[in-house]
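Reading the sequence shown from the start, the letters are residues 16 to 389 in our numbering.
Built from N, CA and C at the ideal position, the CB exists for glycine as well.
Everything below concerns the one structure shown next.
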Amino acid sequence: MDRVAEEAWRSRVRGCLLGGAIGDALGAPVEFDSAGSIVAAHPEGLRTFVSGSAGWPPGTITDDTQMTLFTVEGLIRAGVRTDRGIGFTVAVVHHAYDRWLDTQLLPAPSGERSGWLQGQQWLYARRAPGNTCLSALTEARAAWTDFPQYGAQAKNDSKGCGGVMRVAPFGLLPTRWSERDWVFDSAAQAAGYTHGHPTGKLAAGALAVIVREICDGADLDTALDGAGAVLAQRPDHEETSTALAAARHLAATAPEHGPDTVEKLGGGWVAEEALAIAVYAALVHREPEAFLDALSLAVTHSGDSDSTGAICGNILGALHGETALPPELVFTVEGRAVILELADDFALEFTRPDRLHGDYGPHTAWSLARYPGA
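Pasting the structure below:
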C-alpha cells in the first residue's frame, strides 16, 4: 500500500468507527419511540444529540459501539498472534467479547484481565445491551471447565441485530490480509458467537464485505453488488438477499424518502432489517455532504434506531472517510479519544509492522501488555 492509498484507507478506518459511534449515539435516545413521536419532536429531522433516560446525556454511545470497539481490539490482538508466528484466529475476537461481558457485569475493571481497552472505566456502563449477547456469552463462559475455550458458536436461534451491528471492522482489514470470502465468513463466525440463526450471521458477513469493497475503492452500488454475490453463494441467504434487494429498490423508486418508507423495511430489531434500513439510508443520501441526512433518516423509525444508525455510520464513514463526519457531533460523541486511538492502532498493526515490531511494537513489554496475542 503506497502512502497516498494508506492515508485514504486510514481515513476510512477512522471514519467507519467514529461514524458508527455517532450514528449509535444519535439513535439511542429514540430507540423505543415511534416514528411519529420522533418526527413530532424533531420536525426538521433528528440532527443533534439529545439526552435519553437518567444518566444518559447527549452523545452517549451504547453496546453497539462498545462491542465494535472490542471487535477492533480482538482483531489487533489476532494480528499480534500472527506477528509472533502463532497464526491469526477469529476466536481471539470471541475472547474480546468475553472481556466486554465483564464491562456489563462488573462495576469497574477487575485487575485480572489483560489489555488496555478493558481498563477503560467509561465502558463499564450498561446501555441497553442485547439480551441475546449477554446470555450467549454468559452461557459460553459457564460451559468452560478447566480453562476458557473460545470460538464455539452460540446454540440459540436468534437473528437479532446484535451480531451485525458490531462486525464492520472485519471489512476494514487491508485487502492483502483478506479476500472477500474470508471477510464474509469471518464476520459471520464472529456474529455467531452470540447469534445462532443463519440470517444473524449472513447479514453480518454481508456488512463486512460492503465495508471491505468500499475500502478497496468501490462505490456504494458496486460494493453492494460484491456483497450480494458472496451472499448468494451461502445456504439460507434468502432473507438477507431479499432485504437488501428491497432496500435498493426503495432507494431507487420510492416517491418520498422518510419514516414511512423506512418502515417498509421493518423495525431493525433483526439482522437483515437493520442492515437493509442502514443501506437504504446510505443510498438515499450517499453524498459526503449528506452524511447527517443519512443518519437522521436511518434512526427515524419505530425500531432499533441506534443499531440502524450505527451501521449506516459505519458504511458512510468508510465510504467518505473521517472528513465527511459532522464536526458538531464528532466533538461531543462519547469515547472519541479511545475510538480514534483504537483506529490508529488498528491501522498501524495491519500496515506498518516495521514500526510496530521496533522499539514500540507488539514485541515490547509495553505493547504486549496493551495488545497480548490472545
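Spatially closest choice to Tyr295 from Ala267, Leu84, Val182 and Thr104, by CA coordinates
Counting from one through the sequence shown, the residue named residue 295 turns up at place 280. It is Ala267.
Would you list the residues sitting across from Val285 in a DSSP beta bridge?
Residue mapping note: residue 285 aligns to position 270 of the sequence shown, counting from 1. Answer is Gly175, bridged to Val285.
So, Gln135 versus Val353, is the Cβ gap smaller than 8 Å?
Counting from one through the sequence shown, the residue named residue 135 turns up at place 120. Counting from one through the sequence shown, the residue named residue 353 turns up at place 338. Against a cut-off of 8 Å, the Cβ pair of Val353 and Gln135 comes out as a contact.
Do three or more CB pairs link the stretch 173 to 192 to the stretch 21 to 39 at distances below 8 Å?
yes
Can you tell me which of His272, Thr347, Leu334 and Thr237 puts its alpha carbon nearest to the alpha carbon of His316?
Counting from 1 along the sequence shown, the entry for residue 316 is found at position 301. Nearest of His272, Thr347, Leu334 and Thr237 to His316, Cα basis: His272.
Spatial neighbours of Ala247 in its chain, beta-carbon cut-off 7 Å, leaving aside the 5 residues before and after:
Here the question's residue 247 lines up with position 232 in the sequence shown. Hits under 7 Å: Ser256.
With a 10 Å radius around its C-beta and 16 neighbouring C-beta atoms as the bar for buried, classify Asp359 as buried or exposed.
Within the sequence shown, numbered from 1, the residue matching residue 359 stands at position 344. Exposed, by the Cβ-count rule.
Does DSSP put Tyr386 in a helix, a strand or coil?
Residue 386 sits at position 371 when you count from the first residue of the sequence shown. Reduced to three states, the DSSP call for Tyr386 is coil.
Would you call the stretch 342 to 357 and the stretch 70 to 83 in contact, with 3 or more CB pairs under 8 Å?
yes
Please state whether DSSP places Ile326 in a helix, a strand or coil.
Start at 1 with the first residue of the sequence shown, and residue 326 comes out as number 311. Helix at Ile326.
Buried or exposed for Gln133, going by 16 or more other Cβ atoms inside 10 Å?
In the sequence shown, counting from the first residue as 1, residue 133 sits at position 118. That one is buried.
Would you check if the stretch 202 to 214 and the stretch 44 to 62 touch, i.e. whether three or more CB-CB distances between them fall below 8 Å?
no
How far does the alpha helix (DSSP H) with Arg29 in it extend, from its first residue to its last?
In the sequence shown, residue 29 corresponds to position 14, counting from 1. Taken as a continuous stretch (DSSP letters only), the alpha helix (DSSP H) holding Arg29 covers Arg18 to Gly42.
Ordered list of alpha helix (DSSP H) runs contained in the stretch 247 to 288, each at least 4 residues:
253 to 268 and 274 to 277
Taking the alpha carbon of Gly234 as the reference point, which residue from Asp275, Ile330 and Gln168 has its own alpha carbon closest?
Against the sequence shown, residue 234 aligns to sequence position 219. The displayed chain sequence assigns Asp, not Gly, to residue 234. Answer by Cα proximity: Ile330.
Through-space distance from Arg25 to Met16, alpha-carbon basis:
The residue labelled residue 16 in the question sits at position 1 within the sequence shown. The residue labelled residue 25 in the question sits at position 10 within the sequence shown. Their backbone Cα atoms lie some 11 Å apart in a straight line.
Considering only residues of the same chain and omitting the five flanking positions on each side of Cys176, which have a CB-CB separation below 7 Å?
In the sequence shown, residue 176 corresponds to position 161, counting from 1. Gly283, Trp284, Val285, Ala286, Ala289, Asp319 and Ser322, listed in sequence order.
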